[in-house]
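Residue numbers (full-length UniProt numbering): 1 to 108.
A virtual CB, placed ideally from N, CA and C, is assigned to each residue, including glycine.
These numbers come from a predicted model, not from an experiment.
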Amino acid sequence: MYTVDMTQPTLINFSPLTVEEEVSQNIRMILATPWGSAPLVREVGLDYTIIDEPAFIAETRLTAEIITAITEQEPRASVADVSFHKDKENSLNGRLAVVVKYTLAEEE
1 MYTVDMTQPT LINFSPLTVE EEVSQNIRMI LATPWGSAPL VREVGLDYTI IDEPAFIAET
61 RLTAEIITAI TEQEPRASVA DVSFHKDKEN SLNGRLAVVV KYTLAEEE
């Protein structure tokens, strides 16, 4: 089981050494990219208009959006869990800090 925690800063590695590192980096890019904003690959990313919904609805819709996006855009990953860090700072600033747990499809 691997984890991508969007609350933790990370650097881009242009030559990842392992498949896990490459898949994790790809998942981070999917989560950080608004859908339609990447030149030449407009279908990459997430629909961020969801975050304008009330928090409990946004979490549910965003969870489905994340699972769908990762399944379609990074088929080497199989999402096991999507959760959100719920702390006072994120709540007051209207942020949903995402944590994705996944396995590699080839390991299943």
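Which residues share a DSSP beta bridge with residue i?
i, result
"Val98", "Phe84"
"Ala77", "Leu104"
Could you work out which residue in the options is closest to residue i when comparing CA atoms only?
i, options, result
"Pro34", "Thr10, Pro9, Glu65, Thr18", "Glu65"
"Ile70", "Ala32, Leu11, Ile50", "Ala32"
"Ile27", "Asp87, Pro75, Glu106", "Pro75"
"Met6", "Asn13, Gln25, Tyr48", "Gln25"
"Ile51", "Val44, Ile30, Thr63", "Thr63"
"Ala58", "Val41, Pro16, Ala97, Val23", "Ala97"
"Val41", "Leu11, Gln73, His85, Gln8", "Gln73"
Beta-carbon within less than 6 Å of residue i's beta-carbon, same chain only, minus the 5 sequence neighbours each way: which residues are those?
i, result
"Ser83", "Val99"
"Glu22", "Pro16"
"Val4", "Ser24, Ile27, Arg28, Val100"
Identify, in the order they occur along the chain, each residue of the same chain with its Cβ nearer than 8 Å to the Cβ of residue i, setting aside the five sequence neighbours on each side.
i, result
"Thr103", "Met1, Tyr2, Ala77, Ser78, Ala80"
"Ala105", "Pro75, Arg76, Ala77, Ser78"
"residue 159", "Past the boundaries of the shown model lies residue 159; the chain is included only from 1 to 108, so the question cannot be answered."
Near residue i, what residues of its chain come up, given a Cβ to Cβ distance below 7 Å and the 5 sequence neighbours on each side ignored?
i, result
"Ala38", "Val44, Gly45"
Alpha helix (DSSP H) runs wholly inside the segment 3 to 75, at least 4 long, in chain order: Complete alpha helix (DSSP H) runs here, min 4: 19 to 32, 55 to 73.
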